[in-house]
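> According to our numbering, the residues represented by the sequence shown are 3 to 821, in order. C-beta: ideal position from N, C-alpha, C; glycine also. What follows is a single structure, and I will ask about it in a moment.
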Amino acid sequence: MFRNYFYTALRNLFKQPFYSLINILGLAIGVACCILILRFVQHELSYDRSYPEADRIYRLTSDIAFGENAFQGAVMPAPLAGVLKAEYPEVELAGRFRDDGSSLVRNPAFEKPNIEVKRTAFADPEVFDIFGLPLVAGEVRQGLAQPSTVAISRRVKELLFPAGQEAVGEMLLLYDEYEYKVVAVYEDLPDNSHFRFEMLFSMITKEESHSTMWLSHNFHTYILLAKGADPDALAAKFPDLVERNVGPQVKQFLGIDMKEGDLTGGHVMYGLQKVTDIHLHSNLLAEIEPGGDINYVYIFGAVALFILLIAAINFMNLSTARSAKRAREVGVRKVLGSVRGQIVAQFLVESVVITLIAFVLAVLLSDLFLPLFNNLSGKELDLPYSKMAFWGLLLLGGLIIGLLAGVYPAFFLSAFQPVAVLKGRLSRGASSSRLRSALVVFQFTTSVVLIVSTFVVYQQLQFVQDKKIGFNKEQVLLVENAYSLDNNLAAYKTAVKGFPEVENVTVSGFLPVSGTYRSNSAFWPEGNRTEDATVIMQNWYVDHDFVQTMGMEIVKGRDFSRDMSTDSLGLILNETAARRYGIAEDPLGARISTFTGDPTGSEEPPVATYTVIGVVKDFHFESLRDNIEPLGLLIGNSSGYMAIRVGSEDIAPVLEKAKVTWTELAPNQPFSYSFLDERFARMYESEQRVGQIFTAFAVLAIFVACLGLFALATYMAEQRTKEIGIRKVLGASVWQIVSLLSKDFMLLVGLSLVLALPLSFYLMSRWLEDFAYRMDLMESGPLIALSVGLLALLIGFATVSTQSWRAAHLDPVNSLKEE
3 MFRNYFYTAL RNLFKQPFYS LINILGLAIG VACCILILRF VQHELSYDRS
53 YPEADRIYRL TSDIAFGENA FQGAVMPAPL AGVLKAEYPE VELAGRFRDD
103 GSSLVRNPAF EKPNIEVKRT AFADPEVFDI FGLPLVAGEV RQGLAQPSTV
153 AISRRVKELL FPAGQEAVGE MLLLYDEYEY KVVAVYEDLP DNSHFRFEML
203 FSMITKEESH STMWLSHNFH TYILLAKGAD PDALAAKFPD LVERNVGPQV
253 KQFLGIDMKE GDLTGGHVMY GLQKVTDIHL HSNLLAEIEP GGDINYVYIF
303 GAVALFILLI AAINFMNLST ARSAKRAREV GVRKVLGSVR GQIVAQFLVE
353 SVVITLIAFV LAVLLSDLFL PLFNNLSGKE LDLPYSKMAF WGLLLLGGLI
403 IGLLAGVYPA FFLSAFQPVA VLKGRLSRGA SSSRLRSALV VFQFTTSVVL
453 IVSTFVVYQQ LQFVQDKKIG FNKEQVLLVE NAYSLDNNLA AYKTAVKGFP
503 EVENVTVSGF LPVSGTYRSN SAFWPEGNRT EDATVIMQNW YVDHDFVQTM
553 GMEIVKGRDF SRDMSTDSLG LILNETAARR YGIAEDPLGA RISTFTGDPT
603 GSEEPPVATY TVIGVVKDFH FESLRDNIEP LGLLIGNSSG YMAIRVGSED
653 IAPVLEKAKV TWTELAPNQP FSYSFLDERF ARMYESEQRV GQIFTAFAVL
703 AIFVACLGLF ALATYMAEQR TKEIGIRKVL GASVWQIVSL LSKDFMLLVG
753 LSLVLALPLS FYLMSRWLED FAYRMDLMES GPLIALSVGL LALLIGFATV
803 STQSWRAAHL DPVNSLKEE
């Protein structure tokens with residue numbers, strides 16, 4: 003019996019190839035989109051789950067507030083890990099990372115230039131046991147407990163050592179100055195890890211790691227809970243830990259007695275965060291790497307579901323709309339003895355066959371478009387062809403979708419009365435028409451929501467690009483790792499500044515784009531070190547050319563001057579800092595103090611006092627998601643980058659001369675560069691990718707919906723062939739017939755707009771809330787609504803009118819001579 007159903011299903015597929023192609027292609031595109039998006043979602047949800055004891059690994063977090071200052075960070079004080087391991091039985095292991103950015107390293111045994119390793123850190127040996135990091139060679143428990151030792155990843159080992167040579171026991175040279183002994187080689191960390199350090203230096207080498215300062219937060223601290231330990235019970239002990247360790251230093255340096263509750267409206271709290279929550283549920287200060295966003299996972303999952311529903315709806319619509327073509331077949335089957343269950347089974351088998359064929363095509367389309375999807379999403383995903391679970395889920399999905407998409411048409415068709423249908427008296431009924439209309443409305447509502455979302459994402463990105471950000475990001479070449487020039491740095495700056503195309507040059511590790519240096523410190527008006535007066539402020543060490551090179555505006559006072567020796571203790575505040583100190587109207591000459599060095603154990607902590615010489619107009623140095631924070635510029639050495647402002651449009655000649663000059667002064671150091679505007683745009687990379695993905699899938703959703711609308715319009719035109727013929731005989735024009743056939747469909751598209759526009763604007767207003775600085779949706783909304791509305795109506799009309807136009811041009815003689 004099943005074989006008969008199967009062959010009959012194939013025969014019907016070839017009998018009506020146009021409708022079969024629409025069904026299969028639409029469903030295949032929908033399933034392919036679903037496969038790609040769900041692979042992305044699965045990858046996002048898999049972050050940090052590969053560690054052997056992932057369920058017992060937690061990261062320590064800090065939440066600090068006093069006065070108008072607030073800090074929620076992923077970094078902790080240096081002594082915390084040791085205290086946790088020594089005093090709390092719930093903690094089996096505790097370890098720290100101290101992010102060290104990129105490092106220039108080479109193997110001194112070979113005459114080769116340095117290579118730049120982008121992700122390096124200082125690490126306690128315990129982190130290998132906490133995360134279960136697999137070793138290729140060597141050992142870390144003893145090795146990384148020694149100073150000047152390093153563990154390297156397999157990739158770095160292959161870059162620095164010839165094939166077949168052991169790395170363990172060999173020496174590496176950092177910045178042509180510091181020697182480190184390789185004690186271990188570990189497997190490359192997977193790309194679904196929130197940290198992917200490729201070189202881990204022994205923590206004991208870092209002098210800062212021995213600090214007993216509880217008010218300085220610089221270390222990413224992780225613990226492995228003891229088996230059976232309750233994380234909530236451990237966290238409940240943190241207030242006492244804070245009071246015993248942080249409290250005395252708060253009293254010593256800020257004059258605040260935490261025990262007596264003098265920290266008015268403020269707090270110092272430590273917390274625990276599951277390692278598996280870091281990537282999607284954490285947006286703290288000083289994250290090791292930018293994380294994902296669980297909201298985007300939800301959004302993309304919903305997009306995948308809706309595109310699949312749009313494709314499945316096409317199938318249901320066409321199957322029920324074609325009922326008249328199959329009505330006599332059902333009648334004959336019933337007269338010949340088929341019961342309703344057999345007819346239902348026949349149509350369900352047809353549905354499943356179409357679905358399975360579509361799934362096979364979907365896999366081919368997924369594989370074909372995977373590189374493009376990876377480019378859009380910024381991932382390096384693959385399809386798990388070797389896993390039986392993948393094929394099992396596809397088969398199960400095909401069966402479920404086939405049965406669900408086919409169940410209504412099957413029961414609808416099997417309910418026909420044989421006498422009526424064989425006499426040609428088929429009542430298609432209002433209920434069937436209403437269902438098809440509702441499904442078309444759902445398809446276009448979903449598509450319009452995607453289109454509006456795309457418009458809003460791109461307008462917000464344009465708003466970001468056009469907003470006055472307080473500095474000029476255009477035509478600035480960034481030479482990276484400027485510190486590697488060492489004693490030749492000043493000579494290089496002088497040489498570059500002498501290029502005729504160059505307007506100015508500055509050297510600093512602090513730049514108004516993410517991924518560069520940041521430093522927070524407590525500053526207070528001289529003689530007023532109180533909770534209310536103290537401000538946590540960014541302090542950037544720059545040279546005399548920084549403000550001018552960055553194109554910033556001094557709104558009060560003056561810039562740094564080489565002619566003023568007192569500028570070594572001069573301070574330029576941004577407008578936000580001046581307001582926070584209450585000196586916005588008269589800032590010049592104000593005296594601002596801060597600690598210097600490590601004050602622990604000193605009755606008179608070392609303090610430096612700076613004189614405000616100017617105020618710079620507020621500029622954005624983080625994403626526009628964040629408010630501008632207080633910031634101060636000070637003269638100091640920080641040579642991470644050399645920023646070169648080019649006066650001409652063509653940067654290429656400057657780049658080439660800068661590279662040649664670099665090679666002359668530092669032949670063993672790699673020349674790396676970027677551009678300030680590109681680094682700025684990179685801060686919105688996730689939004690750009692969201693916009694690209696939304697665009698791609700909005701186009702596909704519209705395409706799939708239009709496939710169904712086109713096929714439905716074709717079928718409805720076929721059903722009204724005689725009506726069209728009669729109207730033409732009675733004098734109706736082609737345009738009148740096109741309008742008649744298109745009217746009902748355009749009403750459905752219009753209803754979709756009425757439903758979709760308010761919903762999409764609500765959803766996107768929620769998305770925009772993540773930005774401290776955002777476009778005015780109330781101002782832009784009407785234009786977006788008008789643009790999307792016209793676009794949807796145009797697409798709908800173009801899709802339907804092609805078939806309506808064709809039907810209107812049929813010869814009425816041929817239409818009326820049947821029967």
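#1: Just list the alpha helix (DSSP H) runs in the region 141-223, keeping only unbroken ones of 4 residues or longer that don't cross its boundaries, in chain order.
#2: Determine the burial state of ASN489: buried for a count of at least 16 other Cβ atoms within 10 Å of its Cβ, exposed for fewer.
#3: Go through the region 240-311 residue by residue and report every complete run of the beta strand (DSSP E) that reaches 3 residues or more, in order.
#4: Taking the alpha-carbon positions, what's the VAL656 to PHE512 distance?
#5: With a floor of 3 residues, list each beta strand (DSSP E) that falls wholly inside the region 643-694, ordered by position along the chain.
#6: Let's test the definition: count the other Cβ atoms within 10 Å of the Cβ of THR801 and tell me whether it reaches 16, buried, or not, exposed.
#7: Alpha carbon to alpha carbon, how far is VAL185 from VAL142?
#8: Using the DSSP secondary-structure output, state which residues sit across from ASP65 in a beta bridge.
#9: Return helix, strand or coil for GLU533, following the three-state DSSP convention.
#10: Could you name the residues that DSSP lists as bridge partners for LYS558?
#11: Exposed or buried, which one is LEU145 when buried takes at least 16 other CB atoms within 10 Å?
#12: How would you label GLY230, buried or exposed, when you count the other beta carbons within 10 angstroms and need 16 or more for buried?
#13: Within the same chain, show all residues whose beta-carbon is closer than 7 Å to that of ARG729, passing over the 5 residues directly before and after it, in chain order.
#14: Taking the continuous alpha helix (DSSP H) assigned at LYS87, which residues delimit it?
#15: Taking Cβ positions, are GLU658 and SER516 nearer each other than 8 Å?
#16: Can you have a look at GLN251 and say buried or exposed, based on whether 16 or more other CB atoms are within 10 angstroms of its CB?
#17: Might you give, ordered along the chain, the residues of its own chain that have their beta carbon closer than 8 Å to the beta carbon of LEU406, omitting 5 neighbours on each side?
#18: Using only the alpha-carbon positions, how far apart do THR311 and ILE37 sit?
#19: Between which two residues does the alpha helix (DSSP H) harbouring GLY28 extend?
#20: Buried or exposed for PHE20, going by 16 or more other Cβ atoms inside 10 Å?
#21: Grab me the residues of TYR675's own chain with a C-beta within less than 7 Å of its C-beta, minus the 5 sequence neighbours each way, in chain order.
#22: Here's the rule I'm using: 16 or more other beta-carbon atoms within 10 Å means buried, otherwise exposed. How should ILE402 be labelled?
#23: Going by CA-CA distance only, name the one from SER567, LEU217, PRO514, GLY399 that's closest to ALA524.
#24: In or out: PHE682 buried (at least 16 other Cβ within 10 Å) or exposed?
#25: To which residues of the same chain is GLU821 closer than 8 Å at the C-beta, ignoring the five residues directly before and after it?
#26: For ASP778, does the count of other Cβ atoms within 10 angstroms reach 16, so buried, or fall short, so exposed?
#27: Measure the CB-CB distance between PHE465 and ARG768 and report whether it falls below 8 Å.
#28: Determine the extent of the alpha helix (DSSP H) in which ALA235 is found, giving its start and end residues.
#29: Considering GLU128, what are the terminal residues of the alpha helix (DSSP H) in which it resides?
#30: Can you tell me where the beta strand (DSSP E) with LEU575 in it begins and where it stops?
#31: CA-CA distance, ALA72 and THR63?
#32: Should SER516 be flagged as near chain B, meaning a C-beta pair shorter than 8 Å?
#33: Compute the distance between the beta-carbons of GLU291 and PHE197, then report whether it is under 8 Å.
#34: Using CA coordinates, which residue listed in GLY399, ILE280, THR716, THR456 is at the minimum distance from ILE695?
#35: Determine the contact status of TYR460 and GLY693, defining contact as a CB-CB distance below 8 Å.
#36: Can you check DSSP and say which residues form a bridge with PHE375?
For this structure:
#1: Runs of alpha helix (DSSP H) with 4 or more residues, each lying fully within the region 141-223, are found at 156-162, listed in chain order.
#2: exposed
#3: If we require 3 residues or more, the beta strand (DSSP E) runs fully inside the region 240-311 come out as 269-276.
#4: 22 Å
#5: 643-648, 675-677
#6: buried
#7: About 7 Å.
#8: GLN74, MET271
#9: coil
#10: VAL617
#11: Here residue 145 is Gly; the residue named in the question, Leu, does not match the sequence. That one is buried.
#12: exposed
#13: ILE739
#14: Residues 82-89.
#15: No, the Cβ-Cβ distance between GLU658 and SER516 is not below 8 Å.
#16: buried
#17: Here LEU406 has ALA314 as same chain residues with Cβ atoms under 8 Å from its own Cβ, once five neighbours each way along the sequence are excluded.
#18: The sequence as given places Leu at residue 311; Thr does not occur at that position. The alpha-carbon atoms of LEU311 and ILE37 are separated by roughly 14 Å.
#19: 19-47
#20: exposed
#21: Scanning its chain for C-beta atoms nearer than 7 Å, with the 5 sequence neighbours on each side dropped, one finds around TYR675 the residues LEU479, LEU480, VAL481, GLU482, LEU657, in chain order.
#22: Under this definition ILE402 is an exposed residue.
#23: LEU217
#24: Counting C-beta atoms within 10 angstroms of its own C-beta, PHE682 has 16 or more neighbours from the protein chains shown and is therefore classed as buried.
#25: Residue placement at GLU821 is flagged as unreliable, the pLDDT there being 46, under the threshold of 50; a coordinate-derived value is accordingly withheld.
#26: exposed
#27: no
#28: In the DSSP annotation of this structure, the continuous segment of the alpha helix (DSSP H) that includes ALA235 starts and ends at 233-237.
#29: 128-133
#30: 572-576
#31: Whole-angstrom Cα-Cα distance: 14 Å.
#32: As a matter of chain content, chain B is missing from the structure shown, which is built from one protein chain.
#33: Between GLU291 and PHE197, the gap from beta carbon to beta carbon is short of 8 Å.
#34: THR456
#35: yes
#36: Looking at the DSSP assignment, PHE375 forms no beta bridge with any residue, so it has no partner.
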